[in-house]
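Have a look at the structure below before the remarks.
2 protein chains.
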Amino acid sequence: MDSTRTRIDPAEADLSDPLRSFRDRFELPEGVIYLDGNSLGALPKSVRQRVLNTIDKEWGVGLIRSWNTADWVHLPQRVGARIARILGAGEETVVAADSTSINLFKVLSAALDLNPGRSKIVSERENFPTDLYIAAGVAKQIGKGHRLVLSDGPGDIRGLLDEDVAVLMLTHVNYRTGYRHDMAALTRAAHDKGILVIWDLAHTAGAMPIDLAGADADFAIGCGYKYLNGGPGAPAFLYVNPRHHGGFRQPLSGWFGHRSPFDFDSSYAPSDNIEQYLCGTPPVLGMVAMDEAMALWDDVDMAAIRTKSIALCDLFIQEVSTFAEKFALGLVTPREPELRGSQVSYACENGYAIMQALIARGVIGDFRAPDIIRFGMTPLYLSFAEVERAAAILKDILETRAWEAPEFHVRGAVT
Amino acid sequence: MDSTRTRIDPAEADLSDPLRSFRDRFELPEGVIYLDGNSLGALPKSVRQRVLNTIDKEWGVGLIRSWNTADWVHLPQRVGARIARILGAGEETVVAADSTSINLFKVLSAALDLNPGRSKIVSERENFPTDLYIAAGVAKQIGKGHRLVLSDGPGDIRGLLDEDVAVLMLTHVNYRTGYRHDMAALTRAAHDKGILVIWDLAHTAGAMPIDLAGADADFAIGCGYKYLNGGPGAPAFLYVNPRHHGGFRQPLSGWFGHRSPFDFDSSYAPSDNIEQYLCGTPPVLGMVAMDEAMALWDDVDMAAIRTKSIALCDLFIQEVSTFAEKFALGLVTPREPELRGSQVSYACENGYAIMQALIARGVIGDFRAPDIIRFGMTPLYLSFAEVERAAAILKDILETRAWEAPEFHVRGAVT
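Following this line, the structure appears as structure tokens:
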């Protein structure tokens, strides 16, 4: 980075931040700088009352009637419509449902069904593992010898796209490095070979504008609990391009995907629209929390999100660059904004202990094995001053070797 | 029923009810007699504070740290252990996860994988439809020509069990009629032919004692939001007999089913225990509500549940029998307690409108197409006086033809 040209002044940046009012719409604990919104988004203040209302009035008083009177039955579609808006997806192309893993199972099964006679599923070795695990499960169950072919780096993907590839399945922004693929270009390259494309938007949705329709993506999935702030284990989402609606495409054919679920027919007749991708009874408590969290996005300018996200990342890189070499912190996130998402990651020795020391000082990021410390930049509730301060605390921890304390070397189940 | 011998006096029955104190542990609206706990269980009072604590403290303050500090990560196992206790299932054989439909997909896939070379899945035409839909989805994806063979009535099932049947998949208590299968006998009959058995306990769990281990069931699934009172769309559960643990058996192979999910390996290595049946990130809000609802069962004597359930059903049948013939209400639930679950259903003309008229008078049951009115008997929060009163209101509605009012003929999405 050319520091003389792009140097960011945190105080000035905070003053001119068009998103600064959103901070007040989140609960954030005193003394914490939260750089892990890419793992679990912070709590939108209005969620508490919304969930209470659902418990006290809808469940407690309305009881079974609330499936109609509170329209619980259409929560997957209503939440999906709110998500669609920030994905650049058309109406009735997105539903909220199940988990990201289960939604991938659905769309990968559908994609393979739509593209028969081809044997390969291409992805990346560095994809988020559950995506690769799900592909293994789908391939095993179909039992026709589909093979998962993994690229060793983002640059190798195009070379793997041939006429025997059925599906290209990629996570848009890498969970460890923050590297971002060119969605439109890769989708085009795949389509040129007759390959269907699935995008995992776990680290994209809510972090930047997306144009699923413009990129002509076939399918997308993603997660409600990161940048969308839907709460721990929030319902996930899935997108299906309208040209792939219809037919009996996905095998998790539960009653909510039936054309007329409340007719209680004994034969499955799939809905001919996005609703086919629903399966069982929706998890209402999680759905209303997610709906409330998504309501906040109705007021958000996604271009401003991206501008601030880039600046937050640039500021962190700028500050850490003053001591990175001395402490052997290797920036693994691309410096070029167009090649990254909304996080900054460094490879370093003792990363686990360094992150524990940061957390003890109130700077919450996370560690990803084997050697990555990861800092998520969430434009809705982070200030530039906090990001500057986080870098200063990191510097102090490295200079004082605070991370050597034994308590920072004890491993938890989740890091 | 021999009314001179078994006549139940509601006032006496309430006085001697050993479960009567549980009523105070539920929120129930004034003026409502709730006979639909077999569709959505009532709200346990302690759930409100538990969910609030999870929102305010665990999510709002603890943020990502709560996966460890609040042990969110093991909620599926902890809730599963509580459910196991009332299913007569051993330790580490049950997890709470996903929806009933999705859990059926997992265990049916596993069962077919364990019993190769056989082509039939036997079930009932009158099974809850989503179970049949899921079987269609599994069979379609496996693509080896598995056929769903449906019995026309409970008496026909044994005749369908031959050496070409891979799996017998039954719902223990029928959702419309309340008919209950003999779990132990049918499991034995199936095993004698080398058939694996899956029991859907949606209308059983929380309604009566079960002995899954004693019956030697292979798999079971069920629902958290009926008699278990876990809330709308609560996480479902699944049981896998320990002899079927191990191997790569179920295809929804998400990261929570991996042997070491937080190692972020790119290859799927399934857990060799019940955890393999987990898939994605657990839905924490729904899980803590379910956990709190299940905590109540730690204090419940399941034998007392069954005794009261039988008596509540007997009382309702006794009261309705005084006017059933006059208004052509046909009892479709068996009179013999050993042949039924914890509901009473009648077939009748104008059932939908009659049920709407009941609901307008505060008696909440439900209607199941084409002609069933259904009354669920939940021993934890129903009194005998309420059941007597519900029958009296039904009689009044039929005598006054109150159900003829036009507003009772308008159909909602869910009935």
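Top line first, the protein sequences correspond to chains F and Z.
Residue numbers for the first sequence follow numbering that gives the first Met the number 0, so the first one is 0 and each next one is one higher.
Residue numbers for the second sequence follow numbering that gives the first Met the number 0, so the first one is 0 and each next one is one higher.
The beta-carbon is built from N, C-alpha and C at its ideal position, and this holds for glycine as well.
Remember, predicted model here, so these are calculated numbers, not experimental data.
Counting only beta-carbon separations shorter than 7 angstroms, does residue i have a partner in chain Z?
i	result
residue 90(F)	no
residue 54(F)	yes
residue 218(F)	no
residue 267(F)	yes
residue 278(F)	yes
residue 288(F)	yes
residue 396(F)	no
residue 113(F)	no
residue 435(F)	Residue 435(F) lies beyond the residue range present for chain F, which begins at 0 and ends at 414; the question has no answer from this structure.
residue 187(F)	no
residue 129(F)	yes
Cα separation between residue i and residue j?
i	j	result
residue 375(Z)	residue 308(Z)	10 angstroms
residue 399(F)	residue 32(F)	20 angstroms
residue 220(F)	residue 180(F)	15 angstroms
residue 147(F)	residue 117(Z)	29 angstroms
residue 293(F)	residue 20(F)	17 angstroms
residue 53(Z)	residue 191(F)	49 angstroms
residue 57(F)	residue 226(F)	28 angstroms
residue 348(F)	residue 320(F)	17 angstroms
residue 326(F)	residue 141(Z)	53 angstroms
residue 0(Z)	residue 119(Z)	Only weak support exists for where residue 0(Z) lies, its pLDDT of 44 falling under 50; the value from the coordinates is given anyway. If you take the alpha carbons of residue 0(Z) and residue 119(Z), they lie about 40 angstroms apart.
residue 152(Z)	residue 123(Z)	7 angstroms
residue 268(F)	residue 369(F)	47 angstroms
residue 200(Z)	residue 26(Z)	25 angstroms
residue 466(Z)	residue 11(Z)	Only positions 0 to 414 of chain Z appear in this structure, which leaves residue 466(Z) out of reach.
residue 101(Z)	residue 137(F)	14 angstroms
residue 301(F)	residue 208(F)	5 angstroms
residue 382(Z)	residue 247(Z)	48 angstroms
residue 317(F)	residue 217(Z)	59 angstroms
residue 110(F)	residue 130(F)	15 angstroms
residue 401(F)	residue 6(F)	29 angstroms
residue 390(Z)	residue 78(F)	41 angstroms
Verify the CB distance criterion: does residue i have a CB-CB separation below 7 angstroms to chain F?
i	result
residue 375(Z)	no
residue 230(Z)	yes
residue 331(Z)	no
residue 252(Z)	yes
residue 119(Z)	no
residue 101(Z)	yes
residue 368(Z)	yes
residue 298(Z)	no
Could you tell me which residues DSSP pairs with residue i in its beta bridges?
i	result
residue 178(Z)	339(Z)
residue 286(F)	Answer is none; residue 286(F) lacks a bridge partner.
residue 123(Z)	150(Z)
residue 26(F)	42(F)
residue 33(Z)	363(Z)
residue 219(F)	198(F) and 238(F)
residue 167(Z)	121(Z) and 196(Z)
Taking the alpha carbon of residue i as the reference point, which residue from the options has its own alpha carbon closest?
i	options	result
residue 90(F)	97(F), 76(F) and 96(F)	76(F)
residue 23(F)	229(F), 380(F) and 321(F)	380(F)
residue 245(Z)	159(Z), 275(Z), 172(Z) and 218(Z)	275(Z)
residue 125(Z)	143(F), 96(F) and 263(F)	263(F)
residue 393(F)	14(F), 357(F), 68(F) and 230(F)	357(F)
residue 277(F)	6(F), 258(F) and 327(F)	258(F)
residue 114(F)	145(F), 409(F), 159(F) and 311(F)	145(F)
residue 344(F)	313(F), 249(F) and 28(F)	313(F)
residue 162(Z)	197(Z), 136(Z) and 121(Z)	121(Z)
residue 338(F)	184(F), 18(F), 88(F) and 256(F)	184(F)
residue 251(F)	45(F), 341(F) and 105(F)	105(F)
residue 132(F)	249(Z), 402(Z), 310(Z) and 335(Z)	249(Z)
residue 98(Z)	359(Z), 406(Z) and 289(Z)	289(Z)
residue 36(Z)	247(Z), 373(Z), 110(Z) and 108(Z)	373(Z)
residue 355(Z)	385(Z), 315(Z) and 406(Z)	406(Z)
residue 44(Z)	230(Z), 188(Z), 234(Z) and 154(Z)	230(Z)
If contacts are defined as beta-carbon pairs under 8 angstroms, then residue i and residue j qualify, I think. What distance do you get, rounded to the angstrom?
i	j	result
residue 236(Z)	residue 223(Z)	7 angstroms
residue 176(Z)	residue 332(Z)	6 angstroms
residue 195(Z)	residue 165(Z)	7 angstroms
residue 82(F)	residue 95(F)	6 angstroms
residue 204(Z)	residue 85(Z)	7 angstroms
residue 39(F)	residue 62(Z)	6 angstroms
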